[in-house]
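In the working numbering, the protein residues as written are 6 to 497.
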(Lines of atoms letter the chains of each structure in order from A and count residues from 1; the text may use other names and numbers.)
(Lines give C-alpha, C1' and ligand atoms only; values in the text may rest on other atoms or scores of the structure.)
Protein backbone atom coordinates (compact mmCIF):
# COMPACT_ATOMS: atom_id res chain seq x y z
CA UNK A 1 0.00 0.00 0.00
CA UNK A 2 1.28 3.45 -0.92
CA UNK A 3 1.27 5.87 2.00
CA UNK A 4 1.71 9.63 2.11
CA UNK A 5 3.55 10.70 5.25
CA UNK A 6 3.25 13.85 7.36
CA UNK A 7 5.22 15.01 10.42
CA UNK A 8 3.26 16.50 13.32
CA UNK A 9 4.69 18.32 16.33
CA UNK A 10 2.21 18.38 19.22
CA UNK A 11 3.32 20.39 22.25
CA UNK A 12 1.33 20.52 25.48
CA UNK A 13 1.91 22.30 28.74
CA UNK A 14 3.57 19.27 30.35
CA UNK A 15 4.91 17.16 27.46
CA UNK A 16 5.45 17.09 23.73
CA UNK A 17 5.60 14.55 20.92
CA UNK A 18 6.60 14.18 17.32
CA UNK A 19 4.28 11.94 15.32
CA UNK A 20 4.32 10.38 11.88
CA UNK A 21 0.91 10.41 10.20
CA UNK A 22 0.42 8.14 7.19
CA UNK A 23 -2.55 8.22 4.81
CA UNK A 24 -3.43 5.57 2.27
CA UNK A 25 -6.54 3.94 0.77
CA UNK A 26 -8.90 6.08 2.81
CA UNK A 27 -7.26 5.26 6.14
CA UNK A 28 -4.92 7.06 8.49
CA UNK A 29 -2.27 5.61 10.78
CA UNK A 30 -0.22 7.31 13.51
CA UNK A 31 3.16 6.42 14.94
CA UNK A 32 4.75 8.29 17.81
CA UNK A 33 8.36 8.97 16.95
CA UNK A 34 9.55 10.77 20.09
CA UNK A 35 8.08 11.91 23.39
CA UNK A 36 9.65 14.38 25.78
CA UNK A 37 8.84 16.53 28.83
CA UNK A 38 8.08 20.23 28.55
CA UNK A 39 9.58 21.69 31.68
CA UNK A 40 8.66 25.00 33.24
CA UNK A 41 11.84 26.79 34.28
CA UNK A 42 11.68 28.83 37.49
CA UNK A 43 14.38 31.45 37.78
CA UNK A 44 14.67 35.04 38.90
CA UNK A 45 11.20 34.96 40.43
CA UNK A 46 9.51 34.03 37.12
CA UNK A 47 8.40 30.97 35.14
CA UNK A 48 9.64 30.40 31.59
CA UNK A 49 9.40 27.86 28.76
CA UNK A 50 12.62 26.50 27.28
CA UNK A 51 11.99 27.28 23.60
CA UNK A 52 15.44 26.00 22.60
CA UNK A 53 14.81 22.62 24.24
CA UNK A 54 11.52 22.31 22.33
CA UNK A 55 13.27 23.22 19.09
CA UNK A 56 15.94 20.61 19.79
CA UNK A 57 13.28 17.94 20.37
CA UNK A 58 11.69 18.77 17.00
CA UNK A 59 15.12 18.34 15.40
CA UNK A 60 15.49 14.95 17.14
CA UNK A 61 12.16 13.81 15.68
CA UNK A 62 13.17 14.94 12.19
CA UNK A 63 16.44 13.02 12.54
CA UNK A 64 14.43 9.85 13.22
CA UNK A 65 12.52 10.40 9.98
CA UNK A 66 15.76 10.92 8.05
CA UNK A 67 17.44 7.89 9.62
CA UNK A 68 14.52 5.65 8.64
CA UNK A 69 14.50 7.00 5.10
CA UNK A 70 10.90 8.22 5.30
CA UNK A 71 9.77 10.85 2.81
CA UNK A 72 7.52 13.37 4.54
CA UNK A 73 5.34 15.75 2.56
CA UNK A 74 5.24 18.49 5.19
CA UNK A 75 5.59 19.50 8.84
CA UNK A 76 2.96 21.06 11.13
CA UNK A 77 3.28 22.43 14.68
CA UNK A 78 0.56 22.95 17.28
CA UNK A 79 0.96 24.13 20.89
CA UNK A 80 -0.91 25.63 23.82
CA UNK A 81 -2.16 29.20 23.42
CA UNK A 82 -1.42 32.77 24.58
CA UNK A 83 2.37 32.63 25.14
CA UNK A 84 4.82 34.30 22.77
CA UNK A 85 8.47 34.97 21.93
CA UNK A 86 10.22 38.29 21.27
CA UNK A 87 12.44 38.55 18.17
CA UNK A 88 15.14 41.21 17.83
CA UNK A 89 15.97 43.31 14.78
CA UNK A 90 18.80 40.91 13.95
CA UNK A 91 16.32 37.99 13.85
CA UNK A 92 17.51 36.47 17.11
CA UNK A 93 15.27 35.31 19.96
CA UNK A 94 15.60 37.81 22.78
CA UNK A 95 14.75 35.56 25.73
CA UNK A 96 12.95 32.39 26.67
CA UNK A 97 9.20 33.13 26.73
CA UNK A 98 7.26 33.63 29.92
CA UNK A 99 4.97 30.78 30.93
CA UNK A 100 1.29 31.69 31.27
CA UNK A 101 1.36 30.31 34.82
CA UNK A 102 3.77 33.05 35.94
CA UNK A 103 2.01 35.05 38.67
CA UNK A 104 3.25 38.41 37.39
CA UNK A 105 -0.09 38.95 35.60
CA UNK A 106 -2.16 38.82 38.80
CA UNK A 107 -4.15 42.06 38.83
CA UNK A 108 -3.21 42.86 35.21
CA UNK A 109 -6.79 42.73 33.93
CA UNK A 110 -8.07 45.23 36.45
CA UNK A 111 -5.26 47.65 35.60
CA UNK A 112 -5.94 47.28 31.87
CA UNK A 113 -9.63 48.02 32.37
CA UNK A 114 -8.71 51.49 33.62
CA UNK A 115 -7.76 52.19 29.99
CA UNK A 116 -10.51 50.27 28.16
CA UNK A 117 -13.59 49.04 30.06
CA UNK A 118 -13.97 45.29 30.55
CA UNK A 119 -17.26 45.04 28.66
CA UNK A 120 -15.76 46.84 25.67
CA UNK A 121 -12.75 44.50 25.59
CA UNK A 122 -15.15 41.55 25.52
CA UNK A 123 -17.35 43.12 22.87
CA UNK A 124 -14.30 43.61 20.65
CA UNK A 125 -12.73 40.18 21.17
CA UNK A 126 -15.36 37.79 22.53
CA UNK A 127 -12.59 36.15 24.57
CA UNK A 128 -13.01 34.92 28.12
CA UNK A 129 -11.09 36.84 30.76
CA UNK A 130 -8.03 35.10 32.17
CA UNK A 131 -5.18 37.11 33.58
CA UNK A 132 -2.63 35.20 31.47
CA UNK A 133 -4.17 36.10 28.10
CA UNK A 134 -1.56 37.58 25.77
CA UNK A 135 -3.07 41.07 26.04
CA UNK A 136 -2.57 41.15 29.80
CA UNK A 137 0.87 39.54 29.59
CA UNK A 138 1.96 42.33 27.24
CA UNK A 139 0.42 44.96 29.50
CA UNK A 140 2.29 43.52 32.49
CA UNK A 141 5.61 43.37 30.64
CA UNK A 142 5.20 46.95 29.42
CA UNK A 143 4.32 48.17 32.91
CA UNK A 144 7.32 46.34 34.39
CA UNK A 145 9.71 47.80 31.82
CA UNK A 146 10.57 44.45 30.22
CA UNK A 147 13.78 44.96 28.25
CA UNK A 148 12.93 42.19 25.78
CA UNK A 149 9.62 43.84 24.89
CA UNK A 150 11.29 47.22 24.53
CA UNK A 151 13.85 45.74 22.14
CA UNK A 152 11.41 43.51 20.22
CA UNK A 153 11.11 43.96 16.49
CA UNK A 154 8.65 41.07 16.13
CA UNK A 155 6.39 39.03 18.43
CA UNK A 156 5.58 35.42 17.56
CA UNK A 157 3.28 32.97 19.29
CA UNK A 158 4.92 29.68 20.33
CA UNK A 159 4.06 27.54 17.24
CA UNK A 160 4.92 30.45 14.97
CA UNK A 161 8.24 30.96 16.75
CA UNK A 162 9.16 27.30 16.30
CA UNK A 163 8.14 27.43 12.63
CA UNK A 164 10.37 30.49 12.31
CA UNK A 165 13.28 28.59 13.85
CA UNK A 166 12.77 25.90 11.20
CA UNK A 167 12.11 28.08 8.15
CA UNK A 168 13.30 31.60 8.84
CA UNK A 169 9.79 32.85 7.95
CA UNK A 170 7.65 34.83 10.40
CA UNK A 171 3.90 34.29 10.42
CA UNK A 172 0.97 34.74 12.78
CA UNK A 173 -1.44 31.82 12.47
CA UNK A 174 -5.11 32.68 12.95
CA UNK A 175 -6.22 30.08 15.52
CA UNK A 176 -3.29 30.69 17.87
CA UNK A 177 -3.70 34.45 17.50
CA UNK A 178 -7.37 34.12 18.44
CA UNK A 179 -6.39 33.03 21.98
CA UNK A 180 -4.64 36.33 22.66
CA UNK A 181 -7.61 38.61 23.44
CA UNK A 182 -6.20 40.99 20.85
CA UNK A 183 -7.99 39.61 17.78
CA UNK A 184 -11.41 40.81 16.60
CA UNK A 185 -13.30 37.64 15.52
CA UNK A 186 -15.57 39.63 13.22
CA UNK A 187 -12.75 41.19 11.19
CA UNK A 188 -10.23 38.40 11.93
CA UNK A 189 -7.58 41.05 12.51
CA UNK A 190 -5.74 42.44 15.52
CA UNK A 191 -7.54 45.40 17.10
CA UNK A 192 -5.37 48.51 17.07
CA UNK A 193 -7.18 50.11 20.00
CA UNK A 194 -6.24 47.20 22.27
CA UNK A 195 -2.63 47.13 21.10
CA UNK A 196 -2.18 50.88 21.55
CA UNK A 197 -2.67 50.53 25.32
CA UNK A 198 0.32 48.17 25.56
CA UNK A 199 2.44 50.09 23.06
CA UNK A 200 2.60 47.30 20.46
CA UNK A 201 2.06 47.83 16.73
CA UNK A 202 0.25 45.45 14.39
CA UNK A 203 3.30 45.26 12.11
CA UNK A 204 5.28 43.74 14.98
CA UNK A 205 3.47 40.46 14.31
CA UNK A 206 4.28 38.09 11.49
CA UNK A 207 2.40 37.72 8.20
CA UNK A 208 -1.17 36.60 8.95
CA UNK A 209 -2.00 33.07 7.75
CA UNK A 210 -4.88 30.62 8.12
CA UNK A 211 -4.84 26.83 8.69
CA UNK A 212 -3.56 25.05 5.60
CA UNK A 213 -1.39 27.87 4.27
CA UNK A 214 2.35 27.26 3.65
CA UNK A 215 4.91 29.03 5.86
CA UNK A 216 8.16 28.08 4.14
CA UNK A 217 10.60 25.19 3.80
CA UNK A 218 13.31 23.93 6.12
CA UNK A 219 16.33 26.20 6.02
CA UNK A 220 19.58 24.92 4.59
CA UNK A 221 20.90 24.84 8.16
CA UNK A 222 18.09 22.52 9.29
CA UNK A 223 18.45 20.39 6.17
CA UNK A 224 22.12 19.88 6.99
CA UNK A 225 21.43 19.15 10.68
CA UNK A 226 18.64 16.63 10.02
CA UNK A 227 19.61 15.08 6.72
CA UNK A 228 16.28 16.02 5.15
CA UNK A 229 15.54 18.12 2.09
CA UNK A 230 13.56 21.33 1.70
CA UNK A 231 10.44 19.98 3.40
CA UNK A 232 7.53 22.47 3.55
CA UNK A 233 6.26 23.66 6.92
CA UNK A 234 2.49 24.18 6.89
CA UNK A 235 0.46 26.46 9.16
CA UNK A 236 -1.92 23.92 10.66
CA UNK A 237 -4.36 25.02 13.35
CA UNK A 238 -1.52 26.23 15.57
CA UNK A 239 -3.64 26.19 18.72
CA UNK A 240 -3.79 22.59 19.89
CA UNK A 241 -7.49 22.76 20.73
CA UNK A 242 -8.30 24.03 17.24
CA UNK A 243 -6.45 21.06 15.76
CA UNK A 244 -8.22 18.72 18.20
CA UNK A 245 -11.69 20.04 17.37
CA UNK A 246 -10.94 19.58 13.67
CA UNK A 247 -10.54 15.87 14.48
CA UNK A 248 -13.93 15.40 16.17
CA UNK A 249 -15.58 12.50 14.26
CA UNK A 250 -18.99 14.22 14.24
CA UNK A 251 -21.70 13.39 11.72
CA UNK A 252 -23.50 16.75 11.96
CA UNK A 253 -23.31 20.10 13.74
CA UNK A 254 -25.45 19.19 16.75
CA UNK A 255 -22.63 18.27 19.07
CA UNK A 256 -20.54 19.69 21.87
CA UNK A 257 -16.93 18.72 22.41
CA UNK A 258 -14.77 18.28 25.48
CA UNK A 259 -11.07 18.40 24.80
CA UNK A 260 -9.81 16.62 27.89
CA UNK A 261 -6.22 16.96 28.99
CA UNK A 262 -4.20 19.14 31.37
CA UNK A 263 -6.82 21.71 30.52
CA UNK A 264 -10.37 20.74 29.65
CA UNK A 265 -12.11 22.83 27.02
CA UNK A 266 -15.83 22.42 26.44
CA UNK A 267 -17.62 24.10 23.59
CA UNK A 268 -19.46 24.01 20.30
CA UNK A 269 -18.51 24.76 16.71
CA UNK A 270 -20.42 27.66 15.15
CA UNK A 271 -20.20 29.79 12.02
CA UNK A 272 -20.23 33.18 13.74
CA UNK A 273 -18.93 34.37 17.10
CA UNK A 274 -21.45 34.44 19.95
CA UNK A 275 -20.88 37.74 21.73
CA UNK A 276 -23.73 38.92 23.94
CA UNK A 277 -24.55 39.77 27.53
CA UNK A 278 -25.02 36.14 28.52
CA UNK A 279 -21.72 34.95 27.01
CA UNK A 280 -20.02 37.93 28.68
CA UNK A 281 -21.49 37.18 32.09
CA UNK A 282 -20.62 33.47 31.76
CA UNK A 283 -17.09 34.35 30.56
CA UNK A 284 -17.23 32.23 27.39
CA UNK A 285 -14.69 32.59 24.63
CA UNK A 286 -14.77 32.75 20.83
CA UNK A 287 -11.61 31.29 19.33
CA UNK A 288 -10.71 30.63 15.72
CA UNK A 289 -11.41 27.29 14.09
CA UNK A 290 -10.75 25.80 10.67
CA UNK A 291 -12.56 26.86 7.51
CA UNK A 292 -13.77 30.10 9.08
CA UNK A 293 -15.60 28.47 12.00
CA UNK A 294 -15.58 29.74 15.57
CA UNK A 295 -14.95 27.60 18.62
CA UNK A 296 -17.34 28.90 21.26
CA UNK A 297 -16.04 27.39 24.47
CA UNK A 298 -14.97 27.70 28.06
CA UNK A 299 -11.68 26.64 29.65
CA UNK A 300 -11.94 24.28 32.61
CA UNK A 301 -9.07 23.25 34.85
CA UNK A 302 -8.91 19.59 33.82
CA UNK A 303 -6.45 16.81 34.68
CA UNK A 304 -4.00 19.44 35.93
CA UNK A 305 -5.53 18.80 39.34
CA UNK A 306 -4.71 15.09 39.37
CA UNK A 307 -1.36 15.51 37.59
CA UNK A 308 -0.18 17.83 40.34
CA UNK A 309 -1.42 15.48 43.06
CA UNK A 310 0.34 12.54 41.40
CA UNK A 311 3.57 14.52 41.37
CA UNK A 312 3.30 14.95 45.14
CA UNK A 313 2.42 11.30 45.69
CA UNK A 314 5.33 10.19 43.52
CA UNK A 315 7.66 11.37 46.30
CA UNK A 316 6.52 8.38 48.37
CA UNK A 317 4.40 6.18 46.10
CA UNK A 318 4.20 6.10 42.30
CA UNK A 319 0.48 5.46 41.80
CA UNK A 320 -0.67 4.36 38.35
CA UNK A 321 -3.94 5.63 36.86
CA UNK A 322 -5.63 2.20 37.29
CA UNK A 323 -4.62 2.23 40.96
CA UNK A 324 -6.02 5.73 41.44
CA UNK A 325 -9.29 4.85 39.71
CA UNK A 326 -9.68 1.65 41.75
CA UNK A 327 -9.07 3.56 44.98
CA UNK A 328 -11.50 6.32 43.92
CA UNK A 329 -14.30 3.82 43.25
CA UNK A 330 -13.78 2.24 46.67
CA UNK A 331 -14.79 5.43 48.55
CA UNK A 332 -18.24 7.07 48.76
CA UNK A 333 -19.34 9.22 45.84
CA UNK A 334 -19.85 13.00 46.19
CA UNK A 335 -18.37 13.06 49.70
CA UNK A 336 -16.28 16.16 48.95
CA UNK A 337 -16.69 18.50 45.99
CA UNK A 338 -14.69 21.45 44.69
CA UNK A 339 -14.93 24.07 41.97
CA UNK A 340 -12.00 22.98 39.76
CA UNK A 341 -11.68 26.53 38.45
CA UNK A 342 -11.34 28.23 41.83
CA UNK A 343 -8.24 30.50 41.92
CA UNK A 344 -6.57 28.38 44.60
CA UNK A 345 -6.02 25.56 42.07
CA UNK A 346 -4.23 27.68 39.43
CA UNK A 347 -0.68 26.88 40.54
CA UNK A 348 -0.50 26.04 44.27
CA UNK A 349 2.67 24.83 45.95
CA UNK A 350 0.65 21.79 47.07
CA UNK A 351 -2.45 20.75 45.10
CA UNK A 352 -3.37 18.23 47.80
CA UNK A 353 -3.41 20.90 50.47
CA UNK A 354 -5.32 23.29 48.19
CA UNK A 355 -8.08 20.69 47.75
CA UNK A 356 -8.21 20.02 51.48
CA UNK A 357 -8.34 23.74 52.25
CA UNK A 358 -11.24 24.28 49.84
CA UNK A 359 -13.21 21.47 51.48
CA UNK A 360 -12.45 22.83 54.93
CA UNK A 361 -13.55 26.33 53.92
CA UNK A 362 -16.85 24.97 52.54
CA UNK A 363 -17.60 22.82 55.62
CA UNK A 364 -17.19 19.48 53.85
CA UNK A 365 -15.36 16.32 54.89
CA UNK A 366 -11.68 16.86 54.18
CA UNK A 367 -10.30 14.15 51.84
CA UNK A 368 -7.26 12.44 53.32
CA UNK A 369 -6.41 9.34 51.28
CA UNK A 370 -5.31 9.28 47.66
CA UNK A 371 -8.55 7.48 46.83
CA UNK A 372 -10.68 10.20 48.46
CA UNK A 373 -8.74 12.97 46.71
CA UNK A 374 -8.97 11.27 43.31
CA UNK A 375 -12.72 10.69 43.76
CA UNK A 376 -13.17 14.33 44.74
CA UNK A 377 -11.40 15.41 41.55
CA UNK A 378 -13.37 13.05 39.26
CA UNK A 379 -16.76 13.88 40.78
CA UNK A 380 -16.03 17.61 40.74
CA UNK A 381 -14.79 17.66 37.15
CA UNK A 382 -17.89 15.79 35.93
CA UNK A 383 -20.19 18.20 37.77
CA UNK A 384 -18.27 21.23 36.51
CA UNK A 385 -18.70 19.80 32.99
CA UNK A 386 -22.45 19.58 33.65
CA UNK A 387 -22.50 23.21 34.75
CA UNK A 388 -20.70 24.44 31.62
CA UNK A 389 -22.71 22.10 29.37
CA UNK A 390 -25.87 23.71 30.72
CA UNK A 391 -24.54 27.14 29.78
CA UNK A 392 -23.84 25.87 26.26
CA UNK A 393 -27.35 24.46 25.94
CA UNK A 394 -28.75 27.90 26.77
CA UNK A 395 -26.62 29.73 24.20
CA UNK A 396 -26.18 27.25 21.32
CA UNK A 397 -28.07 28.06 18.09
CA UNK A 398 -29.01 24.37 17.84
CA UNK A 399 -29.99 21.49 20.13
CA UNK A 400 -26.93 19.68 21.47
CA UNK A 401 -27.59 15.97 21.02
CA UNK A 402 -24.18 14.48 21.79
CA UNK A 403 -20.91 15.19 23.59
CA UNK A 404 -17.63 14.15 21.94
CA UNK A 405 -14.69 13.72 24.32
CA UNK A 406 -11.29 13.96 22.63
CA UNK A 407 -7.70 14.14 23.81
CA UNK A 408 -5.75 12.10 26.34
CA UNK A 409 -8.55 12.26 28.90
CA UNK A 410 -10.86 10.37 26.53
CA UNK A 411 -9.05 7.17 27.57
CA UNK A 412 -10.30 7.58 31.15
CA UNK A 413 -13.46 5.49 30.82
CA UNK A 414 -14.50 6.04 34.44
CA UNK A 415 -14.40 9.82 34.17
CA UNK A 416 -16.11 9.56 30.77
CA UNK A 417 -18.99 7.64 32.35
CA UNK A 418 -19.21 10.12 35.20
CA UNK A 419 -19.31 12.95 32.65
CA UNK A 420 -22.02 11.19 30.65
CA UNK A 421 -24.06 10.67 33.82
CA UNK A 422 -23.68 14.33 34.71
CA UNK A 423 -24.49 15.95 31.35
CA UNK A 424 -27.33 13.54 30.55
CA UNK A 425 -26.66 13.02 26.81
CA UNK A 426 -24.78 10.25 24.96
CA UNK A 427 -21.02 10.57 25.01
CA UNK A 428 -18.57 9.44 22.32
CA UNK A 429 -14.97 9.13 23.54
CA UNK A 430 -12.12 9.34 21.04
CA UNK A 431 -9.85 9.98 19.38
CA UNK A 432 -7.35 10.27 22.20
CA UNK A 433 -4.82 11.61 19.69
CA UNK A 434 -7.22 14.27 18.47
CA UNK A 435 -4.71 17.11 18.33
CA UNK A 436 -2.13 15.16 16.34
CA UNK A 437 -4.83 13.82 14.02
CA UNK A 438 -6.20 17.30 13.35
CA UNK A 439 -2.66 18.56 12.73
CA UNK A 440 -2.01 15.78 10.21
CA UNK A 441 -5.37 16.09 8.48
CA UNK A 442 -4.84 19.82 7.93
CA UNK A 443 -1.50 19.01 6.32
CA UNK A 444 -3.30 16.43 4.19
CA UNK A 445 -5.81 19.08 3.15
CA UNK A 446 -2.99 21.46 2.25
CA UNK A 447 -1.52 18.70 0.09
CA UNK A 448 -4.86 18.04 -1.65
CA UNK A 449 -5.61 14.63 -0.15
CA UNK A 450 -8.90 15.78 1.42
CA UNK A 451 -11.03 18.71 0.30
CA UNK A 452 -12.75 19.99 3.45
CA UNK A 453 -13.48 19.39 7.13
CA UNK A 454 -16.43 17.09 6.36
CA UNK A 455 -14.17 14.80 4.35
CA UNK A 456 -11.52 15.01 7.07
CA UNK A 457 -13.99 13.90 9.72
CA UNK A 458 -15.32 11.09 7.56
CA UNK A 459 -11.82 9.70 7.05
CA UNK A 460 -11.10 10.04 10.77
CA UNK A 461 -14.28 8.17 11.74
CA UNK A 462 -13.27 5.21 9.55
CA UNK A 463 -9.70 5.17 10.91
CA UNK A 464 -10.23 5.21 14.67
CA UNK A 465 -12.20 3.35 17.32
CA UNK A 466 -14.50 5.24 19.66
CA UNK A 467 -16.24 4.23 22.89
CA UNK A 468 -19.91 5.04 23.46
CA UNK A 469 -21.45 5.92 26.82
CA UNK A 470 -25.08 6.38 27.84
CA UNK A 471 -26.29 8.26 30.95
CA UNK A 472 -26.82 6.31 34.19
CA UNK A 473 -28.24 7.18 37.65
CA UNK A 474 -29.80 10.53 36.63
CA UNK A 475 -31.43 11.16 40.03
CA UNK A 476 -28.22 10.59 42.00
CA UNK A 477 -26.25 12.88 39.71
CA UNK A 478 -28.85 15.62 39.83
CA UNK A 479 -28.82 15.48 43.63
CA UNK A 480 -25.01 15.64 43.56
CA UNK A 481 -25.17 18.65 41.26
CA UNK A 482 -27.31 20.53 43.74
CA UNK A 483 -24.71 19.80 46.42
CA UNK A 484 -21.96 20.97 44.05
CA UNK A 485 -23.79 24.26 43.50
CA UNK A 486 -24.11 24.73 47.26
CA UNK A 487 -20.32 24.50 47.77
CA UNK A 488 -19.36 26.22 44.51
CA UNK A 489 -17.04 29.14 45.31
CA UNK A 490 -14.98 31.49 43.15
CA UNK A 491 -13.19 33.29 45.97
CA UNK A 492 -11.00 30.57 47.51
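Cβ atoms here follow ideal geometry from the backbone N, Cα and C, with glycine treated the same way.
- Residue 412 has its alpha-carbon roughly 20 Å from the corresponding atom of residue 459.
- For residue 90, DSSP records a beta bridge to 161.
- The shortest C-alpha to C-alpha distance from residue 340 to any of 381, 321, 318, 360 is the one to 381.
- Annotation: residue 124 to residue 188 spans about 15 Å, alpha carbon to alpha carbon.
- Taking C-beta atoms as the reference points, residue 486 and residue 391 count as a pair closer than 9 Å.
- Classified as exposed, residue 365 has fewer than 16 neighbouring CB atoms from the shown chains inside 10 Å of its CB.
- Burial check for residue 385: the Cβ neighbour count within 10 Å reaches 16 or more, so the residue is buried.
- Between the region 95-107 and the region 131-146 there are three or more C-beta pairs closer than 8 Å, enough to call the two in contact.
- Selection 233, 219, 475 evaluated against residue 225 yields 233 as nearest (Cα-Cα).
- Residue pairing by DSSP places residue 362 opposite no residue, since no beta bridge is assigned to it.
- By the Cβ-count criterion, residue 402 is exposed, with fewer than 16 other Cβ atoms from all chains shown falling within 10 Å of its own Cβ.
- Pairwise C-beta distances place the region 165-181 out of contact with the region 321-330, as fewer than three of them are shorter than 8 Å.
- Residues of the same chain with a CB within less than 6 Å of the CB of residue 296, apart from the 5 flanking positions on each side, are 458 in chain order.
- Where residue 328 is concerned, the enclosing alpha helix (DSSP H) starts and stops at 326-334.
- Boundaries of the alpha helix (DSSP H) around residue 316: 309-318.
- Three or more beta-carbon pairs separated by less than 8 Å link the region 153-161 to the region 87-94, which places the two stretches in contact.
- In the three-state reduction of the DSSP assignment, residue 496 falls in the coil class, being assigned neither a helical nor a strand state.
- Residue 11 and residue 343 have their C-alpha atoms some 42 Å from each other.
- Between residue 185 and residue 223, the alpha-carbon positions lie close to 27 Å from each other.
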